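This report refers to the structure that appears directly beneath it.
Protein chains in written order, with full-length UniProt numbering: chain A, 1 to 336; chain B, 1 to 566.
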């Protein structure tokens, strides 16, 4: 990488940091419990809109994993998500009526909060429909992973987004608060992911899964990106660039081995495709607040009317992380 | 009382306290060294917590940074204190705060009592050990290391380079032969006092003070001078990963450690509640009487290192995306590519599937869509037949297919009709690929078609050019696949032999001779067809030399007999 490119990325990073500061004025603290954060605590960052039904299970899952404090941004929910979150003892909540799109899909808000509160902490950034898995997560807490990453001088940890879906029409089984969404959406595509390298930022760009197979089969280049780096030992100089797909400085994006080996990595189980999805897709299409002119939601709307079954006979049923390890979707690396 | 424990502690004091008590309860005196970097408050609390135990002492504190002299100085002072304060101690065991005794300590005491003169210290000459990290072995002793490897890696590396360049060489004190090994040892009083009371100790200390990672070489080298019975192994089970960091044990390693047969293990994760409970408090259960199986630990950790350094061949994923030529196997397993066979034979695909028991696809790279076996729209792993998806990244498509179907050999057809892209080069360079080509066979469908001759001529010219390009790839010096090329004329002379050798190589289910051969298409008049192309100015040459079967007047055209079952 030349000096010029390095400098231009540095400028870009500064730009995102300034932007985050500017966008922070849109945030209003609804429940600020950040004084509870102790050194070394594991933090979770999330932004959401109308996800009340998912929140009980979401919080339970991540509390069990070992998250100490949740920092959440509520983007104008109308279903009581904000009131529910504000009552939780380990949640700090900010509210905003600002535009999701113009905060670059929440990245600016979370960049700001991470900068203020996550310096020196391990920060996990996920959506309410994403469930983080890492090697040995059934026998070791998240703290074991972060301690190991610290000991290995690793600053960022990747987890591919794995789209989960139910068998049969998406809205066949109702999802109720507190339910494990994986009881309904327990199927996934195990081996149709195409990877490319993004030379500018040094990250991988992964597309595939059921969304590309069903919604984007004629426009595969437009299929959503599945590469994610959700877990980072945060420093106030870092910024997410585009969702949690990539970061600056670009060294944080080197979460893959280039010399034949496997680094340790996890998976984000993406439980978007529940019965709540159809309504959400219609709403998001109306709001036009999503990436690239909401091309994703347009594609959904088109296909969902016809045949909303993502399941095929080669779908795999989710069992545990070891299954995903064997399938090559995540890796233990040298963690044993 | 014959065993004393020197314990180096710098963190996780609660655990260190537990372990120190455990040693002390078994009657072993413990001298603890606490890193000087630890804040006074924690240190005082730690000392106070252990104040009630009689034979636990604290030694003078040194600043211990990884890879520096401080750790050796700490163990020296603590050992001196141990030998002075507890004259009954016959063996001194160097342990850390994150070490955990796995077997009852009485067993260790008995074991050492039975070997009163033996020193247990891993000690090998620098030439003979593969586990040095960073490429520094002998140079650890002969270069200078003023910069911290942890904090100033850049300066550290540059300074090493400069010294190599100008050929710096420190003198090694005479009589010393540098040895290295695990820093966790157990030495006899005799050897240890000989080291610590050596008249030349000042010289040696001076030398090792500037050696890199002296805790792995100081005792290891000096013990060689005095030990009467040196057993070059550590009693502490400690596994290192590819960067030289110790592997950490967690709760889920409990069964593994129970069967490890070792006295002490490190390093234990401080929050591994189950391990501490099992091995420190539950005496009876600590070593259940299961058959010891220490090899299993070795295997698990060796596998982890292998996964990290070599990975799984043919896997491309979020945390493994090798640069070109570093794939360690670009695909996950062997597969076969057939070019021209499906054109030449009527029922080649079902025949091949029967003969080899492998999965036979049609033209995977056909322009309309991937022709999966049995006309499936989606196959293993959710791989879709869509041409758009495939062509967005054809190589990912193929590597995914091979990865998803590990254990079942894949065969597919290829030809100049298909989307070529770079994929042909990738296949040619893949040692897992078996490529069989009957060149020029693309002309057979044209010959059987009932198209305008001008159209045929144009198509033939185009296909010939494309196939010639692919043959260039197969014949290039970069090609590593197993490639066989026949011209069509050559092949139809004696098709059985090539087919047999291909099938043999695939490793058919029944190794007998082929019982059934595919039916070749009727080629009567093909020579004339080629001649007609030539007459139109388009020279088909990839088929080889085809005789024009000149039909003489009055003679009936002889129909070619199809190959039959023998």
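Beta carbons are placed, not taken as given, at the ideal position from N, Cα and C, and that holds for glycine. Fair warning: this is a prediction, and the values are worked out from it, not measured in the lab.
CA nearest to the CA of residue i, picked from the options
{"i": "residue 393 of chain A", "options": "A:298, A:276, A:273 and A:275", "result": "Limits of chain A in this structure are 1 at one end and 336 at the other, which puts residue 393 of chain A out of reach."}
{"i": "residue 47 of chain A", "options": "A:125, A:35, A:3 and A:322", "result": "A:125"}
{"i": "residue 116 of chain B", "options": "B:186, B:160 and B:105", "result": "B:186"}
{"i": "residue 307 of chain B", "options": "A:240, A:209, A:264 and A:269", "result": "A:264"}
{"i": "residue 38 of chain B", "options": "B:487, B:48, B:64 and B:526", "result": "B:64"}
{"i": "residue 85 of chain A", "options": "A:128, A:64 and A:65", "result": "A:128"}
{"i": "residue 189 of chain A", "options": "A:239, A:313, A:290 and A:332", "result": "A:313"}
{"i": "residue 298 of chain B", "options": "B:327, B:310, B:320 and B:260", "result": "B:260"}
{"i": "residue 155 of chain A", "options": "A:289, A:249, A:71 and A:327", "result": "A:249"}
{"i": "residue 329 of chain A", "options": "A:9, A:262, A:172 and A:289", "result": "A:262"}
{"i": "residue 454 of chain B", "options": "B:537, B:329 and B:173", "result": "B:537"}
{"i": "residue 313 of chain B", "options": "B:506, B:48 and B:431", "result": "B:431"}
{"i": "residue 273 of chain B", "options": "A:141, A:64, A:105 and A:267", "result": "A:141"}
Secondary structure of residue i, DSSP reduced to three states
{"i": "residue 52 of chain A", "result": "helix"}
{"i": "residue 470 of chain B", "result": "helix"}
{"i": "residue 236 of chain B", "result": "strand"}
{"i": "residue 125 of chain B", "result": "strand"}
{"i": "residue 164 of chain B", "result": "helix"}
{"i": "residue 554 of chain B", "result": "Caution is warranted here: a pLDDT of 41 is assigned to residue 554 of chain B, below 50, making its placement in the model unreliable, and no coordinate value can be reported."}
{"i": "residue 175 of chain A", "result": "coil"}
{"i": "residue 420 of chain B", "result": "coil"}
{"i": "residue 14 of chain A", "result": "helix"}
{"i": "residue 54 of chain B", "result": "coil"}
{"i": "residue 565 of chain B", "result": "With a pLDDT of only 49 at residue 565 of chain B, under the threshold of 50, the placement of this residue in the model should not be trusted; the figure read from the coordinates follows. If DSSP states are grouped into helix, strand and coil, residue 565 of chain B belongs with coil."}
Sequence-distant residues of the same chain with beta carbon closer than 6 Å to residue i, five excluded per side
{"i": "residue 530 of chain B", "result": "540 and 546"}
{"i": "residue 321 of chain A", "result": "133 and 137"}
{"i": "residue 195 of chain A", "result": "204 and 206"}
{"i": "residue 315 of chain A", "result": "187"}
{"i": "residue 68 of chain A", "result": "41 and 42"}
{"i": "residue 105 of chain B", "result": "26"}
Host beta strand (DSSP E) of residue i (start-end)
{"i": "residue 193 of chain A", "result": "193 to 198"}
{"i": "residue 267 of chain B", "result": "Per DSSP, residue 267 of chain B belongs to no beta strand (DSSP E) and is neither H nor E."}
{"i": "residue 240 of chain A", "result": "239 to 242"}
{"i": "residue 132 of chain A", "result": "130 to 133"}
{"i": "residue 169 of chain B", "result": "Unbroken run through residue 169 of chain B: none, as it is neither H nor E."}
{"i": "residue 266 of chain A", "result": "266 to 270"}
{"i": "residue 246 of chain A", "result": "246 to 248"}
{"i": "residue 34 of chain B", "result": "30 to 34"}
Exposure of residue i, with buried meaning 16 or more beta-carbon neighbours within 10 Å
{"i": "residue 78 of chain B", "result": "buried"}
{"i": "residue 140 of chain B", "result": "buried"}
{"i": "residue 154 of chain B", "result": "exposed"}
{"i": "residue 5 of chain B", "result": "buried"}
{"i": "residue 171 of chain B", "result": "exposed"}
{"i": "residue 144 of chain B", "result": "exposed"}
{"i": "residue 557 of chain B", "result": "With a pLDDT of 47 at residue 557 of chain B, under the threshold of 50, the modelled position of that residue is not reliable, and no figure is offered here."}
{"i": "residue 250 of chain B", "result": "buried"}
{"i": "residue 199 of chain A", "result": "exposed"}
{"i": "residue 7 of chain A", "result": "exposed"}
{"i": "residue 327 of chain B", "result": "buried"}
{"i": "residue 206 of chain B", "result": "exposed"}
Neighbourhood of residue i by C-beta distance below 8 Å, restricted to the same chain and skipping five residues each side
{"i": "residue 42 of chain B", "result": "13"}
{"i": "residue 82 of chain A", "result": "30, 74, 93 and 95"}
{"i": "residue 498 of chain B", "result": "436, 484, 486 and 491"}
Span of the alpha helix (DSSP H), counted from its first residue to its last, around residue i
{"i": "residue 116 of chain A", "result": "107 to 117"}
{"i": "residue 404 of chain B", "result": "394 to 404"}
{"i": "residue 295 of chain B", "result": "294 to 309"}
{"i": "residue 361 of chain B", "result": "Where residue 361 of chain B is concerned, there is no enclosing alpha helix (DSSP H), although the beta strand (DSSP E) it sits in stretches over 359 to 363."}
{"i": "residue 150 of chain B", "result": "Unbroken run through residue 150 of chain B: none, as it is neither H nor E."}
{"i": "residue 195 of chain B", "result": "189 to 196"}
{"i": "residue 75 of chain B", "result": "70 to 85"}
{"i": "residue 44 of chain B", "result": "40 to 49"}
Close-in-space but distant-in-sequence residues of the same chain around residue i (CB under 7 Å, 5 per side omitted)
{"i": "residue 214 of chain B", "result": "69, 72 and 208"}
{"i": "residue 601 of chain B", "result": "Because residue 601 of chain B is not part of the residues shown, which for chain B are 1 to 566, the question remains open."}
{"i": "residue 391 of chain B", "result": "419"}
{"i": "residue 126 of chain B", "result": "137, 138, 178 and 180"}
Residue i: CB within 7 Å of a non-hydrogen atom of the ligand NAP
{"i": "residue 63 of chain A", "result": "No copy of the ligand NAP occurs in the structure displayed, which carries no ligand at all."}
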